[in-house]
Every structure is written in structure tokens, then in C-alpha cells.
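Residues in the sequence shown are numbered from 6 upward in steps of one, following our numbering. Worksheet: the structure to be examined is printed underneath.
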Amino acid sequence: MPENGQIPPQTTSARYLRRDSLQDLLERLFPGQTDFGIQIKEDQWSFTAPRIVETAELDSAQDD
6 MPENGQIPPQ TTSARYLRRD SLQDLLERLF PGQTDFGIQI KEDQWSFTAP
56 RIVETAELDS AQDD
């Protein structure tokens with residue numbers, strides 16, 4: 006974790022992942038929180054969360 010205790014924005018590939026699926030996953034992982042600053046740039050989703058979201062967790066939100 007960075008020295009200031011802040012989790013930096015995380016990125017993940019947009020391939021097979023919709024914004025609403027990512028939002029739903031983040032809301033399930035972090036109940037009571039809805040603002041994750043989700044953005045897409047150059048086929049990469051960017052978001053902030055209270056902790057690092059593991060690849061396996063992100064994979065579970067992918068749309069086939």
C-alpha cells in the first residue's frame with residue numbers, strides 16, 4: 006500500500022466487461038458505497054475502491 010494509505014486508481018481491461026457489471030461487483034464488495042469514479046480510457050476501466058480488487062473478483066464480473 007502507498008505510504009499515504011490511499012489506494013491508487015485501479016485499471017482493468019474493458020474486454021468482456023460492461024460498466025454496469027463493474028459497478029454491481031464493486032457495490033457487492035463494498036456495501037454502502039456507490040461512487041467508484043468509474044471511467045474508461047483506451048479500452049481500460051479505471052476506478053477507485055477501498056482496497057485492491059483481485060483479478061479473480063474482476064473476472065467474476067465479466068460478461069461472456
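Just so it is clear, CB atoms sit at the ideal spot from N, CA and C, and this is done for glycine as well.
Quick test of your reading: residue i and residue j, contact by CB under 8 Å. State the CB separation rounded to the nearest angstrom.
i, j, result
"G42", "F52", "6 Å"
"A54", "F35", "6 Å"
Measuring alpha carbon to alpha carbon, tell me which of the options ends up nearest residue i.
i, options, result
"A66", "W50, L34, L22", "L22"
"R20", "Q49, P14, L31, T39", "Q49"
"P14", "I57, D64, L63", "I57"
Report the three-state DSSP secondary structure of residue i (helix, strand or coil).
i, result
"Q38", "coil"
"Q28", "helix"
Between which two residues does the beta strand (DSSP E) carrying residue i extend?
i, result
"T53", "No beta strand (DSSP E) holds T53; DSSP gives it neither H nor E."
"I12", "Per DSSP, I12 belongs to no beta strand (DSSP E) and is neither H nor E."
"Q44", "44–46"
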